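Colleague:
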């Protein structure tokens with residue numbers, strides 16, 4: 027059983043602040059700020075629009091997407107156009 | 027007698043919170059929050075735009091569509107673009 | 027003498043709440059709510075855009091269109107894009 | 027001397043409430059409501075867009091257009107897209 | 027020395043209320059209302075878009091354009107799409 | 027060293043009110059009003075869109091562009107579509 | 027490890043006010059104003075849209091983009107359309 031995004035949407039598992047330092051990039055933030063990075067869990071059906079792949083760590087627009095909890099873990103479904111960058 | 031959506035619209039039977047756990051996906055929510063999943067009952071006439079089929083369990087945008095009761099049961103007519111994902 | 031809609035517009039005779047049950051579809055509503063179904067009386071000149079025909083019972087978007095009384099009966103002129111579904 | 031509408035615009039002579047009954051269509055209204063029908067006096071230069079002809083009685087969107095008095099008589103210049111229907 | 031409008035813009039010399047009667051069209055107005063007619067002084071460089079010529083008396087949308095005084099006389103630079111009609 | 031506008035943008039040196047009379051065009055204004063004319067200093071890279079050249083005196087939309095001081099002098103970077111006219 | 031912008035986005039390292047004078051361009055500003063120049067660190071994957079290169083000093087729209095700190099240094103991810111000019 028899985029959540030399969032439609033079209034140009036991407037399912038992202040939101041990263042907690044403490045594990046965001048892999049690779050040396052640290053985004054210091056106050057406790058009130060929501061982290062804006064996550065791991066791509068599934069991509070939509072529109073192959074032309076999708077520019078990321080499952081497993082990519084991505085940054086996304088702070089106000090983008092729709093939140094959903096899957097087995098208790100916070101996820102986000104965002105449009106490809108709301109993904110700003112890949113962390114490589 | 028049936029409700030036949032027009033164009034890129036889809037008729038969805040809104041799922042109640044308690045039966046949303048089939049397949050292991052649980053979306054915990056407060057009583058005030060409306061569930062955002064449902065079952066596709068009928069699809070519109072625009073075959074190119076329609077990416078779901080009757081019987082699919084889908085997630086949709088919280089503020090999307092027009093509510094309608096059919097034989098006492100809450101349904102929603104949404105545009106295809108407001109359907110976020112299929113639950114498989 | 028008749029009202030001939032232009033382009034992608036459709037002339038609808040608004041159904042009263044009490045006669046909306048033909049075919050088993052009942053949309054319970056409070057007295058304050060306007061019904062959202064009607065019968066197509068005339069269609070516009072844009073044959074490509076028009077997806078309904080005279081006599082169809084249709085559901086339409088609650089805030090759509092322009093109201094007009096014809097011989098004392100409430101009608102609505104709506105764009106095709108505001109018609110959600112046909113009741114068959 | 028004449029007012030020649032440009033492009034997809036149409037010049038309409040606004041009908042007074044009392045002479046709107048020709049053909050049996052009566053739009054009862056309170057004194058405060060502006061009538062929404064008129065007679066086409068001149069059409070614009072964009073032949074593809076113009077779907078009415080001089081002399082047609084038309085209904086138009088209540089908030090459409092720009093009012094202008096010509097020799098003391100109230101007229102309206104509206105875009106073709108604001109004309110809802112022809113009364114035949 | 028001249029003001030040469032760019033693209034689909036037109037330079038109009040705003041007519042005072044008292045000289046607007048040439049040709050029999052009178053637009054009675056209160057003193058507070060700005061007249062909406064003028065004479066075309068120069069047209070832009072986009073020949074396809076420009077539908078008026080220098081010397082035409084035109085009506086334009088009340089809230090259109092940018093006002094500019096040239097040698098003390100009030101002018102307006104408007105887009106072609108804000109010109110409603112030519113007075114012939 | 028220079029500021030090179032990108033795409034359809036133009037760099038303008040804002041003219042002070044007192045030197046705007048070259049050529050006989052005077053735009054009287056209260057002290058509070060910002061002048062809306064200037065000299066083109068550099069043009070963007072999109073040759074198709076750019077309709078002015080370096081040295082042109084231009085009028086531009088009052089609320090257009092981004093202000094920047096270069097060596098203490100007020101400049102403006104505007105899009106070509108915000109330039110209304112050339113003063114020749 | 028790096029931040030790779032997607033599509034028509036550009037990663038910019040925001041310049042502090044004091045080092046903005048290289049090349050003679052000084053943008054005097056009050057302490058409250060954020061500088062609007064920076065150095066391009068990485069460009070997106072859409073080669074047609076990208077008009078700047080890594081190392082360029084650029085000016086960008088004051089309200090553009092999403093701020094992100096990388097190893098404690100303030101960066102900005104902006105769309106190409108929000109970059110106004112290159113400082114050469």
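Residue numbers (the numbering used here), protein chains in the order written: chain A, 27 to 114; chain B, 27 to 114; chain C, 27 to 114; chain D, 27 to 114; chain E, 27 to 114; chain F, 27 to 114; chain G, 27 to 114.
Each residue gets a CB set at the ideal place from its N, CA and C atoms; glycine is no exception.
Note that the structure is predicted; figures quoted are calculated from it, not measured.
#1: Within 10 Å of its beta-carbon, does residue 70 (chain F) have 16 or more other beta-carbons around it, so buried, or fewer, so exposed?
#2: Which residues does DSSP pair with residue 69 (chain B) in a beta bridge?
#3: In terms of alpha-carbon separation, which member of F:95, F:99, F:100 and F:76 lies closest to residue 111 (chain F)?
#4: In the DSSP assignment, the beta strand (DSSP E) including residue 100 (chain D) goes from what residue to what residue?
#5: If contacts are defined as beta-carbon pairs under 8 Å, then residue 105 (chain D) and residue 34 (chain D) qualify, I think. What distance do you get, rounded to the angstrom?
#6: Whole angstroms are fine: how far does the CA of residue 30 (chain B) sit from the CA of residue 78 (chain B)?
#7: Report yes if the C-beta distance between residue 38 (chain G) and residue 84 (chain G) is below 8 Å; otherwise report no.
#8: Of all Cβ atoms in chain F, is any one closer than 8 Å to the Cβ of residue 87 (chain G)?
#9: Do the CB positions of residue 67 (chain A) and residue 41 (chain A) come within less than 8 Å of each other?
#10: Which value, in whole angstroms, describes the spacing of the CA atoms of residue 57 (chain G) and residue 92 (chain G)?
#11: So, using beta-carbon positions, are residue 114 (chain C) and residue 28 (chain B) closer together than 8 Å?
#12: Mark residue 80 (chain E) as exposed unless 16 or more other C-beta atoms lie within 10 angstroms of its C-beta, in which case mark it buried.
#13: Quick one: which chain C residues come within Cβ less than 8 Å of residue 37 (chain B)?
#14: At a CB-CB cut-off below 8 Å, which residues of chain B make contact with residue 77 (chain C)?
#15: Would you say residue 63 (chain C) lies against chain D (beta-carbon separation less than 8 Å)?
#16: Show which residues of chain G have a CB atom less than 8 Å away from the CB atom of residue 40 (chain F).
#17: Hey, quick one: how far does the beta strand (DSSP E) through residue 111 (chain F) stretch, first residue to last?
#18: Less than 8 Å between CB atoms is the rule here; does residue 54 (chain B) satisfy it with respect to chain A?
#19: Interface residues of chain G around residue 114 (chain A) at Cβ under 9 Å?
#20: Classify residue 81 (chain G) as helix, strand or coil using the three-state DSSP reduction.
#21: In three-state DSSP terms, what is residue 64 (chain E)?
#22: Give the DSSP-derived three-state secondary structure of residue 88 (chain A) in the structure shown.
#23: Taking CB distances under 8 Å as the criterion, tell me whether residue 103 (chain G) reaches chain A.
#24: In the DSSP output, what is residue 41 (chain E) paired with across the bridge?
#25: Give me the Cα-Cα distance between residue 32 (chain E) and residue 107 (chain G), rounded to the nearest whole angstrom.
#26: In its own chain, which residues sit with a C-beta less than 8 Å from the C-beta of residue 86 (chain C), not counting the 5 before and 5 after it?
#27: Between the alpha carbons of residue 36 (chain C) and residue 97 (chain B), how many angstroms are there, rounded?
#28: Identify, in the order they occur along the chain, each residue of the same chain with its Cβ nearer than 6 Å to the Cβ of residue 90 (chain E), setting aside the five sequence neighbours on each side.
#29: In whole angstroms, what is the alpha-carbon distance linking residue 94 (chain G) and residue 82 (chain G)?
#30: Can you name the residues that DSSP bridges to residue 96 (chain E)?
#31: Apply the 10 Å Cβ neighbour rule to residue 47 (chain G) and answer buried if 16 or more other Cβ atoms are within range, or exposed otherwise.
Modeller: Well, looking at it:
#1: buried
#2: B:36
#3: F:76
#4: 99-105
#5: 6 Å
#6: 15 Å
#7: yes
#8: yes
#9: no
#10: Because residue 57 (chain G) sits at a pLDDT of 33, beneath the cut-off of 50, its placement in the model cannot be relied upon, and the following sentence gives the value as read from the coordinates. Distance between the alpha carbons of residue 57 (chain G) and residue 92 (chain G) is about 21 Å.
#11: yes
#12: exposed
#13: 111
#14: 32, 33 and 71
#15: no
#16: Going along chain G, no residue has its Cβ under 8 Å from residue 40 (chain F), so there is no contact; the nearest lies around 15 Å.
#17: 109-113
#18: For residue 54 (chain B), the pLDDT reaches just 48, beneath the cut-off of 50, and the residue's location in the model is therefore unreliable, leaving the point undetermined.
#19: 27, 28, 29 and 30
#20: coil
#21: strand
#22: coil
#23: yes
#24: Bridge partners of residue 41 (chain E): none, in fact.
#25: 23 Å
#26: 38, 62, 63, 64, 102, 104, 108, 109 and 110
#27: 27 Å
#28: 104 and 108
#29: 19 Å
#30: E:99
#31: Note on residue 47 (chain G): pLDDT 47, under 50, position unreliable in the model; the coordinate value appears next. Exposed.
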